[in-house]
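One point on numbering: in UniProt numbering, the residue at position 75 of the sequence shown is 75, and numbering is uninterrupted.
Everything on this sheet refers to the single structure shown next.
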Amino acid sequence: MIDKIRAISPQFLQPFITPQFVRYLVIGLGTLFIEVGLYWVLVNIFDIVYIWASILEFPILFTFNFFGHKFFTFNNKHEPTSQLVRYILLVIVNGIASNALLYLFVDILNINYLIAKFLTIGCIISWNFLALGKFVYRENPSQKAR
1 MIDKIRAISP QFLQPFITPQ FVRYLVIGLG TLFIEVGLYW VLVNIFDIVY
51 IWASILEFPI LFTFNFFGHK FFTFNNKHEP TSQLVRYILL VIVNGIASNA
101 LLYLFVDILN INYLIAKFLT IGCIISWNFL ALGKFVYREN PSQKAR
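This is the structure:
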C-alpha cells in the first residue's frame with residue numbers, strides 16, 4: 001500500500017511517506033470527518049456561532065486524537081501521564097492558532113466559514129505530525145533499552 005501511495009505522490013514527498021505517516025493520515029482523516037461534520041451541525045442545526053462551535057467540538061477531537069495517535073499512529077505504550085501533559089500543551093497551541101486563523105480567514109479576509117475551517121486545518125496539520133513524533137510521543141533513551 002505504501003508503494004501505491006508513493007507512486008501517486010509528488011517526488012519531493014516520497015521520502016516522507018512511511019507506514020507511520022500513513023497511519024497519521026488515517027487518524028487525521030477520521031478527525032477531519034468528525035471535526036467538519038460536528039462543526040457544520042453545531043453551526044447549521046444548533047445555530048451556534050462558528051468560534052463557539054470550534055470550541056465546543058474540542059473535547060471529542062482531543063480524545064479521539066490522543067488515543068488514536070498514541071496507540072495507532074505511534075504505537076506507543078509508554079509514559080501515558082507525561083505524554084498527556086505534552087499533548088495538552090500541543091493542543092493548547094493548536095487551539096489558539098486554529099481560532100486565530102479562523103478569525104483571520106472569516107472576519108478579516110471574509111472567507112466562507114467552511115472554507116476557512118479547511119484552510120485552518122491544513123495549516124495546523126502541516127507541522128503537527130512532527131510535533132507529535134518529536135515532542136508528545138518521543139521515546140526516552142530508557143524506553144529504548146527495554
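Just so you know, even glycine gets a beta-carbon here, dropped at the ideal spot from N, CA and C.
Just so we're clear, the structure is a prediction, and the values are computed from it rather than from any experiment.
Asked: Exposure of K117, with buried meaning 16 or more beta-carbon neighbours within 10 Å; Found: buried
Asked: Inter-residue CB distance, F66 and L89 (contact presumed, cutoff 8 Å); Found: Not really, about 12 Å apart at Cβ, beyond 8 Å.
Asked: Residue range of the unbroken alpha helix (DSSP H) whose run includes T31; Found: 19–40
Asked: Y103 versus F72: straight-line alpha-carbon distance, rounded; Found: 32 Å
Asked: Where S82 falls, given that 16 or more other Cβ within 10 Å makes a residue buried; Found: exposed
Asked: Stretch-stretch touch, CB-based, cutoff 8 Å, three pairs: the segment 124–142 with the segment 92–107; Found: yes
Asked: From Y87, D47, N76, G133, residue whose alpha carbon lies closest to that of P59; Found: Y87
Asked: Inter-residue Cα distance where the pair is K77 and E139; Found: 10 Å
Asked: Environment of F74 [buried if 16+ CB atoms lie within 10 Å]; Found: buried
Asked: Collapsed DSSP secondary structure at Y113 in the structure displayed; Found: helix
Asked: Test item: CB-CB of V43 and Y137 under 8 Å; Found: no
Asked: Beta-carbon contacts of F129 that lie in its chain and below 8 Å, excluding the five residues immediately before and after; Found: F21, Y24
Asked: Neighbour-count burial assignment, K134, 16 or more Cβ in a 10 Å radius; Found: exposed
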